[in-house]
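A.B. asks:
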Amino acid sequence: MGSIISPNTQTGGQKDANNQVYTSTMKTNQALFDELKALETEQRNPETMHIDLASSAEIAKLINDQDKLVANHVNARIVEIGDAIEMIKNAFLAGGRLIYTGAGTSGRLGVLDAAECPPTFGTDPSLVLALMAGGQEAMYVAQEGAEDSPEAGAKDVEGVNIGPNDVLCGLAASGRTPYVLGAIKKAKEVGAGTIMVCCVTAGRVKHDNTIDIMIDVPVGQEVIMGSTRMKSATAQKMVCNMLTTGSMIRLGKVYENVMVDLKLTNKKLVERARRIIMMFTKLTYQEAADLMAEADNHVKTALVMSLGNLDKVQARELLQKHDGFIRAALESLKD
């Protein structure tokens, strides 16, 4: 898995037999109350006031109607997302990494995106990492108090030896998660690039100029007040998809609109690789399988061998000369 789930942060407070924190141990915080009260994600949605009276099908429709709004909100930040893709691509070319950091649902989305890069794009698991408040346990069981320490975020970033060639992307629906802001601040101190993906307006994020690229996607009120695993999570997932997919395309890991740097880690991917070869060539199923074996199961090499009428060594050298871009490699043979 291309992710590091931080073990450093632990939840606090006394717990009862059902693992619930006693409310008597929680201190009141009027300033925090007022801050949260003003967040867009903490408002009531006027379109779903009656959802508790709705039928199952009506509930599904209400949720779906709200989900339809998310893509347009993401669309409003296409320029910033494009800038972030370019930053991440340049980091990769410089030997750096993309490091996600988050808590709760946002943190889990970072882990998910990081974990899917190696099988999809053939990347080393260390290229895209994810740090999550509360550690591995928080991936499966909510550790809500884990997000409250900026020091823990900074410590986790230090733990992966972040440097100036890296990019840290903070994921926080509210834009105020202390763990995430602490991680971003530490990353900025060492010269790393910093990105924030949040679901409130940018002006609500208190970051002291530590964020290079702000991707604020204010999706508005949730279907259920404060349940940011809904529209906010959908928006963050869409942005994460763009960041990694976009940067991988810019690294030559896609030919036309087909992923050609996949790792053949299961039977499904083996068959997908053969189908890719057959799509771009006139080879039969068995011929594609034989070519893949000859190319050491590397799809890009196999494609350049077949389409360029080259042997394995020549194909590899040509791909290397053109930084792994199949299209550029094949075009060069026409010169």
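Residue numbers (the working numbering): 836 to 1170.
Glycine included, every Cβ here is placed at the ideal spot set by N, Cα and C.
These numbers were taken from a predicted model, which means no experiment stands behind them.
(1) Output the distance between the C-alpha atoms of T860 and D983, rounded to the nearest integer angstrom.
(2) Between which two residues does the beta strand (DSSP E) carrying I1050 extend?
(3) If Q1071 sits next to V1032, beta carbons under 8 Å apart, how far is it from one beta carbon to the other, in whole angstroms?
(4) Please check the pair C1075 and D948, which I expect to be a contact at CB under 8 Å, by giving their CB distance rounded to whole angstroms.
(5) Would you please state the rounded distance, in angstroms, between the beta carbons of V1054 and H908? I believe it to be under 8 Å.
(6) Among E915, A873 and A892, whose alpha-carbon lies nearest the alpha-carbon of L1078?
(7) Using the rule of at least 16 other Cβ atoms within 10 Å of the residue's Cβ for burial, across every protein chain shown, is L964 buried or exposed?
(8) When the Cα of I1030 is compared with those of G917, G969 and K1066, which residue comes out closest?
(9) Pick helix, strand or coil for V1040, following the three-state DSSP scheme.
(10) Would you tell me roughly how many angstroms separate the C-alpha atoms of G998 and D991, rounded to the nearest one?
(11) In whole angstroms, what separates the C-alpha of L1179 from that of A906?
(12) Output needed for K1156: all residues of its chain with C-beta closer than 8 Å, excluding positions within five of it in sequence on either side, in chain order.
(13) Take the Cβ of T858 as the centre, count every other Cβ of all protein chains shown within 10 Å, and call the residue buried at 16 or more, exposed below.
(14) Would you call the region 1086-1097 and the region 1119-1137 touching, i.e. three or more CB-CB distances under 8 Å?
(15) Taking A911 as the reference, which of M1073, A1124, S891 and V1105 has the closest Cα?
(16) Using three-state DSSP, classify V1148 as helix, strand or coil.
(17) With DSSP run on the structure shown, which of helix, strand or coil describes C1034?
(18) Compare the Cα-Cα distances from L962 to each of E1057, I1048, L1003 and A1008 and report the closest residue.
C.D. replies: A quick look at the data gives this:
(1) Note that T860 scores a pLDDT of 49, beneath 50, so its modelled location is shaky; the value from the coordinates is reported in the next line. So the two alpha carbons sit approximately 15 Å from each other.
(2) Where I1050 is concerned, the enclosing beta strand (DSSP E) stretches over I1048 to D1051.
(3) 6 Å
(4) The C-beta separation of C1075 from D948 comes to about 4 Å, placing the pair in contact by the 8 Å criterion.
(5) 5 Å
(6) Answer by Cα proximity: E915.
(7) buried
(8) Taking the Cα of I1030 as reference, the smallest distance to any Cα among G917, G969 and K1066 is reached at G917.
(9) coil
(10) 13 Å
(11) Not covered by the structure: residue 1179. The range shown for the chain is 836 to 1170.
(12) A1164 and S1167
(13) Only weak support is given to the placement of T858: the predicted model assigns it a pLDDT of 47, under 50, and the value that follows is read from those uncertain coordinates. T858 should be labelled exposed.
(14) Three or more beta-carbon pairs drawn from the region 1086-1097 and the region 1119-1137 are found closer than 8 Å, and the two stretches are therefore classed as touching.
(15) M1073
(16) Residue state, collapsed to three classes: helix.
(17) Of the three classes helix, strand and coil, the one that applies to C1034 here is coil, per DSSP.
(18) L1003
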